[in-house]
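A.B. asks: The sequence shown begins at 1 in UniProt numbering and counts up one residue at a time.
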Amino acid sequence: MASLADRMRGNGRIAAGLLLNLLVSICIVFLNKWIYVHHGFPNMSLTLVHFVVTWLGLYICQKLDIFAPKSLPPSKLLLLALSFCGFVVFTNLSLQNNTIGTYQLAKAMTTPVIIVIQTLCYKKTFSTKIQLTLIPITLGVILNSYYDVKFNFLGMVFAALGVLVTSLYQVWVGAKQHELQVNSMQLLYYQAPMSSAMLLVAVPFFEPVFGEGGLFGPWSVSALLMVLLSGVIAFMVNLSIYWIIGNTSPVTVTQNV
């Protein structure tokens, strides 16, 4: 009886985590699109804000004793931090250059790509039922992309890059949590500042920093509040992704968002 109760509690936590991830993922898509359309905030700068707010959120959680940091070698996190940058930047560029419908549908290709990566690189096997579900997903994405009245070649390039990097990132998150024996907060606590430092170096080469349209430009109060809100929601998205992967699998995350 105790074992059954434990399983039910565990399933309840996973269901709650999936629901939270679904809600915040939907919120951030519409909020970021609003910021791009109505304020023109630069993409990489917005991603940098997301990373910094995520790290600050984890720092506060650590100070409140919600989790205990674990010392990790930076070399073990370098590729993960780099893929985190690519994951968020390319998906945001896809959102910026595509309709929300096309952006969301393109993300569905993450599931097939993750399965291919895990099959080829990690020798993981999937049931025939799971493999068959990939056919309608792939055909649906291809048909939508071909017949989209607002087809944007550059947007589709960003979408494809976003799917590839996101798939690698989510597979590596699960692998690193297992390899380093850390939970979601411990891993993200060290990875987020590394990704922030990488973007901090890269932003001046691609986007203005000061002046009109720059990270530290003359933005309105409403724009700054929206960007800050986007950062808070991004923190919740990142944390829920790590938690779900640590407690289920990367495929579960892609099916949820």
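Idealized CB from N, CA, C, for every residue including glycine.
(1) So, under 8 Å CB-CB, residue 35 and residue 230 are touching, yes? Tell me the CB distance rounded to an integer number of Å.
(2) Please list, in chain order, all residues of the same chain as residue 149 whose beta carbon is under 6 Å from its beta carbon, the five residues on each side excluded.
(3) Of all the alpha helix (DSSP H) runs that stay within the bounds of the segment 105-174, which reach a length of 4 or more residues?
(4) Looking at the secondary structure, which residues open and close the alpha helix (DSSP H) in which residue 92 lies?
(5) Which of the three DSSP states is assigned to residue 51 in this structure?
(6) Quick check on residue 181: buried or exposed, where buried means 16 or more other Cβ atoms within 10 Å of its Cβ?
(7) Give a yes or no on whether the C-beta atoms belonging to residue 112 and residue 130 are separated by under 8 Å.
(8) Flag this pair as yes or no: are the beta carbons of residue 164 and residue 85 separated by less than 8 Å?
(9) Between residue 100 and residue 33, how many whole angstroms is the CB-CB distance? I'm expecting something under 8 Å.
(10) How long is the line joining the alpha carbons of residue 166 and residue 126, rounded to whole angstroms?
(11) Identify which residue in 26, 23, 71, 39 has its Cα closest to the Cα of residue 188.
(12) Count the other C-beta atoms from every protein chain shown that fall within 10 angstroms of the C-beta of residue 69, then say buried if there are 16 or more, exposed otherwise.
(13) Could you give the residue range of the alpha helix (DSSP H) that holds residue 201?
(14) Output the distance between the C-alpha atoms of residue 49 and residue 63, rounded to the nearest integer angstrom.
(15) So, under 8 Å CB-CB, residue 94 and residue 159 are touching, yes? Tell me the CB distance rounded to an integer number of Å.
(16) Can you list, in chain order, the residues of its chain with a C-beta nearer than 7 Å to that of residue 192? Leave out the 5 residues immediately preceding and following it.
(17) Alpha carbons only, please: which of 108, 38, 104 is nearest the one belonging to residue 219?
(18) With a threshold of 8 Å between beta-carbons, can residue 93 be considered close to chain E, or not?
(19) Taking residue 98 as the reference, give the member of 201, 30, 223 with the closest Cα.
(20) Please state the DSSP three-state secondary structure of residue 62.
C.D. replies: So, from the data block:
(1) 6 Å
(2) Note that residue 149 has pLDDT 49, beneath the 50 cutoff, so the model's placement of it is unreliable and the number below is only indicative. Here the set comprises nothing.
(3) 110-121, 128-147
(4) 74-97
(5) helix
(6) exposed
(7) no
(8) no
(9) 6 Å
(10) 20 Å
(11) 71
(12) exposed
(13) 184-206
(14) 21 Å
(15) 4 Å
(16) 51, 54, 55, 58
(17) 38
(18) In the structure shown, chain E does not exist; there is a single protein chain.
(19) 30
(20) helix
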